[in-house]
Amino acid sequence: MYWAFFFLILFGGSVANSHEDIRIATGEYPPFTGSQLVDDGFVNHLIRQALANEGLDAEFVYLPWKRSFQAAQQGQYDMASYWVCEREYQQDFYCSDELYRGQLLLYFRADTPLPQWQTIDDLKPYRIGAILGYEYVPEFRKAMEEGDLDVIMVSNDRLNLNMLLNDRVDLILLSDTAMQSLLTEHFSALQADKIRAHPKPFLNYQAHVLFPKSLKGSAALQARFNTGLKKLKASGEFERQWQRLLNGEFIPQQD
25 MYWAFFFLIL FGGSVANSHE DIRIATGEYP PFTGSQLVDD GFVNHLIRQA
75 LANEGLDAEF VYLPWKRSFQ AAQQGQYDMA SYWVCEREYQ QDFYCSDELY
125 RGQLLLYFRA DTPLPQWQTI DDLKPYRIGA ILGYEYVPEF RKAMEEGDLD
175 VIMVSNDRLN LNMLLNDRVD LILLSDTAMQ SLLTEHFSAL QADKIRAHPK
225 PFLNYQAHVL FPKSLKGSAA LQARFNTGLK KLKASGEFER QWQRLLNGEF
275 IPQQD
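The working numbering puts the sequence shown at residues 25 to 279.
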């Protein structure tokens, strides 16, 4: 009996505190990810909850997007949050199951004509604002690199929207939820009224977490994360967090 009691004392504490720390490279994209957001934003909070379901703790490290991707690719972090699971990425990463689905839209000023476009080539006449480190569709990236599109790169979405409002660009790319968050947090109602979204989505995307193949445990971590994510969705917790996103609850309240 004594030895059984001694065994519980010796090992019970380690079992109770057996949560592993998972280091995750991420970036700033309110309201989905952000160091100043409530719960680190919608996506990072989902990741935290999915990992917690499997007895794992999340540690988010915020970096510029391009650097976060490269650092994870090199195995400096256990995961990268968050990305579209492009075929080219799958050479270096395992992709999680789908986190959520979203849309990337083209925004323009209300005092300008509705841009007419069906393909990337149709965007050649326009000045387009884009973000350093963000990943866009391959056709857009290729046209940009080859100089076929007039693209002005800036460091964040707030600067990008300011360029649009000040007629320095004609179009910017942003998700509908991110745009609403940006307008609510940083711009006036008068400024918001000057912005319109093109009815044709630029991109329908699926969001994923990436696990670097350069780390031995990544395939196992991917499986554990996917299990935790399934539990999250089956319990109804995902829907509760989605409603928080729609209600703007990940944006800090101004005093």
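We put the beta carbon where it would ideally sit given N, CA and C, even for glycine.
Under the three-state DSSP convention, the category residue i falls into
i, result
"TYR158", "coil"
"PHE56", "coil"
"ILE33", "Interpretation of ILE33 is limited by its pLDDT of 39, a score under 50 that renders its predicted location unreliable; no figure is taken from the coordinates."
"HIS232", "strand"
"GLN127", "strand"
"PHE132", "strand"
"TYR153", "Note that residue 153 is Gly in the sequence shown, not Tyr. If DSSP states are grouped into helix, strand and coil, GLY153 belongs with the strands."
"THR50", "strand"
"LEU75", "helix"
"LEU147", "helix"
"LEU227", "strand"
"GLN246", "helix"
"LYS240", "coil"
"LEU68", "It is Asn, not Leu, that sits at residue 68 in the sequence shown. Helix."
"TRP141", "coil"
"GLU263", "helix"
"GLU163", "helix"
"LEU256", "helix"
"LEU269", "helix"
Of the listed residues the options, nearest to residue i (C-alpha basis)
i, options, result
"ASP146", "ASN186, LEU130, LEU87", "LEU130"
"TYR124", "ALA243, PHE56, MET203", "PHE56"
"ALA95", "LYS166, LEU253, THR50, ASN184", "THR50"
"VAL193", "ASN184, LEU70, THR201", "ASN184"
"TYR150", "TYR158, GLU159, ILE176", "ILE176"
"ASP102", "LEU189, ASN190, LEU234, ALA216", "LEU234"
"GLN277", "GLU159, SER205, GLY252", "SER205"
"LEU197", "ASP181, ASP191, LEU189", "ASP181"
With 16 other Cβ atoms within 10 Å as the buried cut-off, status of residue i
i, result
"PRO54", "buried"
"ALA74", "buried"
"MET203", "buried"
"THR201", "buried"
"TRP266", "exposed"
"GLY241", "exposed"
"GLU52", "buried"
"SER259", "exposed"
"GLY58", "buried"
"HIS210", "exposed"
Per DSSP, cross-strand counterpart(s) of residue i
i, result
"ILE219", "ARG133"
"PHE84", "ILE48"
Closer than 8 Å to chain D by CB, residue i
i, result
"MET168", "Absent here is chain D; the protein component of the structure consists of one chain."
> In chain order, which continuous runs of the alpha helix (DSSP H) of length 4 or greater are located wholly inside the region 86-120?
Replying inline: With a minimum length of 4 residues, the continuous alpha helix (DSSP H) runs that stay inside the region 86-120 are 89-97.
>> Give the list of continuous alpha helix (DSSP H) stretches no shorter than 4 residues that lie fully inside the region 167-217.
In response: Inside the region 167-217, DSSP marks whole alpha helix (DSSP H) runs of 4 or more residues at positions 181-189, 200-210, 213-216, from first to last along the chain.
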